[in-house]
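Reviewing the structure listed below.
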């Protein structure tokens, strides 16, 4: 019973997500759906990315949160434009929420839209929003056993950013085990080890997003 | 539309959860619903707790996971009996899943049932399973800004375990800010700072769960 209901909700969402997708394509906007657990480092990654892209691309940001506009306030200083979506309890963004958010932007003034999803390693992976790529961020303290335990997010993501590698000396985290498990779940995924605190590894991520943006614009 | 559907699911769940609750009361079993993000330390806390209670109480464990039985395997060595529930994609346990799990136990042989929910700081908080207390665990690397951003779980929990305090020297985590925010969201919540790695602070938690168990048995 519950499963049927969920399926219907997902189907309705696919339709709206495709409409968003079409609109983004028409406007030549490259869209990233950024997902990860609470505290994985989504907002800090976004700040770093916006600083890097500042003079190269015009970046719009949608901040998805259950409550508060704290992340949007952190981000607003760096982005061309920022829209906050408060889900009011819902544990993920869906196509319809993002459609509402898009209305607040001048889409002719944006090259990239980064959507920071609600902090959750599970539900956001089920709901398309019209993105080109899903990008997941997970942090070293979350443990090296996550790919098999939370497989869907690993399956649907184009890139896996493993954040907080500056904490590796203080934790038992088996990098090879983690990489192996992640690639078994999704062999096509690109894995980048980063630290948003020290900046280590971020160059690969910056190159990746710039390259994808150019490709989607051409 | 979607909200109505969710409401109906929640109402149906309340009914089943109350039935579980009644059964647990009849059998004199104290039940904890243990919740937190992936990697917050739920399974390690459980191992520590089981070791402590070993010669004092008979503890049954339900392990909720989306996939794999890794946690149940870790736990089985220490618990009187362990049941694995794989949600097959669902991001939380509900009353019905737990009802299925209960059938696998001899309820006359258990004093405490600890249910480790799916790793998720959002959805599990919405679904009662028949517990006496909800206990949440969150770890220092997740950041000090979580109470206001993910309020529901803080609101419904009797105890907040702040784990991985051994990592405080390496992170920017403002303990007073965090405590203040958490208590604003839920003034009745007990907050315990712990490290499942070093054992620091766990005594308070052990005392709490023993005290609650005795009270529910009397």
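Chains as they are written, first to last, in this note's numbering: chain A, 1478 to 1695; chain B, 1478 to 1695. The C-beta atom is built at its ideal place from N, Cα and C for all residues, glycine as well.
Presumed contact (8 Å Cβ cut-off) between residue i and residue j, rounded CB distance
| i | j | result |
| --- | --- | --- |
| residue 1460 of chain A | residue 1619 of chain B | Nothing can be reported for residue 1460 of chain A: it is not among the residues displayed for chain A, which extend from 1478 to 1695. |
| residue 1567 of chain B | residue 1538 of chain B | With 8 Å as the limit, residue 1567 of chain B and residue 1538 of chain B do not qualify as a contact, their Cβ atoms being about 19 Å apart. |
| residue 1637 of chain B | residue 1615 of chain B | 7 Å |
| residue 1511 of chain A | residue 1519 of chain A | 6 Å |
| residue 1598 of chain A | residue 1513 of chain A | 7 Å |
| residue 1547 of chain A | residue 1651 of chain B | That belief does not hold up - the Cβ atoms of residue 1547 of chain A and residue 1651 of chain B are roughly 14 Å apart, past 8 Å. |
DSSP bridge partner residues for residue i (one or two, in chain order)
| i | result |
| --- | --- |
| residue 1715 of chain B | Nothing about residue 1715 of chain B can be reported from this structure: the residues present for chain B run from 1478 to 1695 only. |
| residue 1616 of chain A | A/1640 |
| residue 1511 of chain B | B/1593, B/1612 |
| residue 1562 of chain B | B/1541 |
| residue 1667 of chain A | A/1636 |
Span separating the alpha-carbon of residue i from that of residue j
| i | j | result |
| --- | --- | --- |
| residue 1605 of chain B | residue 1553 of chain B | 25 Å |
| residue 1641 of chain A | residue 1509 of chain A | 21 Å |
| residue 1718 of chain B | residue 1644 of chain B | Because chain B in this structure spans residues 1478 to 1695, residue 1718 of chain B falls outside the shown range and cannot be described. |
| residue 1478 of chain A | residue 1578 of chain B | Note that residue 1478 of chain A has pLDDT 38, beneath the 50 cutoff, so the model's placement of it is unreliable and no number is given. |
| residue 1592 of chain B | residue 1660 of chain B | 25 Å |
| residue 1586 of chain B | residue 1533 of chain B | 13 Å |
| residue 1531 of chain B | residue 1685 of chain B | 16 Å |
| residue 1647 of chain B | residue 1495 of chain B | 44 Å |
| residue 1576 of chain A | residue 1550 of chain B | 44 Å |
| residue 1560 of chain A | residue 1540 of chain A | 6 Å |
| residue 1572 of chain A | residue 1507 of chain A | 16 Å |
| residue 1497 of chain B | residue 1607 of chain B | 5 Å |
| residue 1680 of chain B | residue 1486 of chain A | 46 Å |
| residue 1666 of chain A | residue 1653 of chain A | 15 Å |
| residue 1565 of chain B | residue 1633 of chain A | 16 Å |
| residue 1675 of chain A | residue 1521 of chain A | 11 Å |
| residue 1692 of chain B | residue 1631 of chain B | 23 Å |
| residue 1655 of chain A | residue 1656 of chain B | 33 Å |
| residue 1668 of chain A | residue 1635 of chain B | 39 Å |
For residue i, the three-state DSSP class (helix, strand or coil)
| i | result |
| --- | --- |
| residue 1622 of chain A | coil |
| residue 1585 of chain B | helix |
| residue 1536 of chain A | strand |
| residue 1485 of chain B | helix |
| residue 1600 of chain A | helix |
| residue 1690 of chain B | helix |
| residue 1567 of chain B | coil |
| residue 1519 of chain B | helix |
| residue 1555 of chain A | coil |
| residue 1526 of chain A | helix |
| residue 1681 of chain B | helix |
| residue 1657 of chain A | helix |
| residue 1578 of chain B | helix |
| residue 1495 of chain A | helix |
Cross-chain neighbours of residue i in chain C, by beta carbon under 7 Å
| i | result |
| --- | --- |
| residue 1619 of chain B | The chain inventory of the structure shown lacks chain C, comprising the protein chains A and B. |
Which listed residue (the options) has its alpha carbon closest to that of residue i
| i | options | result |
| --- | --- | --- |
| residue 1612 of chain B | B/1601, B/1494, B/1676 | B/1601 |
| residue 1582 of chain A | A/1598, A/1570, A/1562, A/1494 | A/1562 |
| residue 1535 of chain B | B/1633, B/1569, B/1504, B/1564 | B/1504 |
| residue 1626 of chain B | A/1652, A/1633, A/1594 | A/1594 |
| residue 1689 of chain B | B/1657, B/1673, B/1588 | B/1588 |
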